[in-house]
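These notes concern the structure reproduced below.
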């Protein structure tokens, strides 16, 4: 699929990851529509609860056609399952929030957009964002479970929607050099993960953007989970 002129929805498009993808696709001539939970003055941004099917379907009625959906929305929250550190933990509350913002939003958006694609006979693409955390990170029960769920959901989408010429893939980034990464991790921790990575470096936003472009443009690619992690998960 050629990117130029295509209508592409990016959820979480105002965040670090989403905004980088938006900029890269706009350079290729895509018509970008952002679904986010915050207001923006830009004309192409809709304030949408991407976990609410009724809200999503209502907003999709305002859009003529969707060629590509990129699910970037989601939040990360770290805490142990059991209070072993003698610190306050939120338990089920944080679990529900993380699962809802990551996995549920992916299901809701993908279902609603797929319905629109099928009804309009659009040969579309759905790109979901997983993480290396899908393998199971200590202290990230909800986030790891959500990302593992997204990978499984992506494969289900590829199988169910393939007959309609709709493709689905997932990207699982490792440590990417963004402002949010630098804010969340100390310099010593960043250096630690660099040493653990075979390529001895953090990834760049361009690594993610080029993978998104590759998935969109490669018509026989579906059901894949592509790790962009410098070999960290080998």
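Numbering (our numbering), first residue to last: 397 to 630.
No residue lacks a Cβ here, since even glycine has one placed at the ideal position from N, Cα and C.
| Asked | Found |
| --- | --- |
| Taking only runs that begin and end inside the segment 515-581, name each unbroken alpha helix (DSSP H) of 4 or more residues, in chain order. | 537-557 and 575-580 |
| If you reduce the DSSP assignment to three classes, tell me which class residue 397 lands in. | coil |
| Just checking my contact of residue 571 with residue 514 at CB under 8 Å: how many whole Å lie between their CB atoms? | With 8 Å as the limit, residue 571 and residue 514 do not qualify as a contact, their Cβ atoms being about 37 Å apart. |
| How would you call residue 402, buried or exposed, if buried means at least 16 neighbouring beta carbons within 10 angstroms? | buried |
| Do the CB positions of residue 550 and residue 568 come within less than 8 Å of each other? | no |
| Grouping DSSP H, G and I as helix and E and B as strand, with all else coil, what is residue 443? | strand |
| Excluding five sequence neighbours on each side, which residues of the same chain lie with their C-beta closer than 6 Å to the C-beta of residue 509? | 462 and 465 |
| Please report the straight-line C-alpha distance between residue 644 and residue 522, rounded to a whole angstrom. | No answer is possible for residue 644: the residues shown for the chain start at 397 and end at 630. |
| Spatial neighbours of residue 512 within its chain, please: CB distance less than 7 Å, with the 5 preceding and 5 following residues excluded, ordered by chain position. | 456 and 462 |
| Are any of the Cβ atoms in chain D nearer than 8 Å to that of residue 462? | The structure shown has no chain D; it contains just one protein chain. |
| For residue 574, count neighbouring Cβ atoms within 10 angstroms of its own Cβ and tell me buried if that reaches 16, exposed if not. | buried |
| Assuming residue 628 and residue 528 form a contact by the criterion Cβ under 8 Å, report the distance between their Cβ atoms to the nearest whole angstrom. | 6 Å |
| For the candidate residues 424, 497 and 556, whose alpha-carbon lies nearest to that of residue 467? | 497 |
| Closest to residue 602 by C-alpha separation, out of 624, 616, 612 and 582, would be which residue? | 624 |
| Looking at residue 545 and residue 598, is the spacing between their C-beta atoms short of 8 Å? | no |
| Can you look up residue 479 in the DSSP assignment and give me helix, strand or coil? | coil |
| Please tell me whether residue 530 and residue 619 are closer than 8 Å, where the distance is taken between their beta carbons. | no |
| So, for residue 626: in the same chain, excluding its five sequence neighbours on each side, which residues have a beta-carbon less than 7 Å away from its beta-carbon? | 570, 593, 594, 595, 597 and 599 |
| Between 423, 446 and 503, which has its C-alpha nearest residue 606's C-alpha? | 423 |
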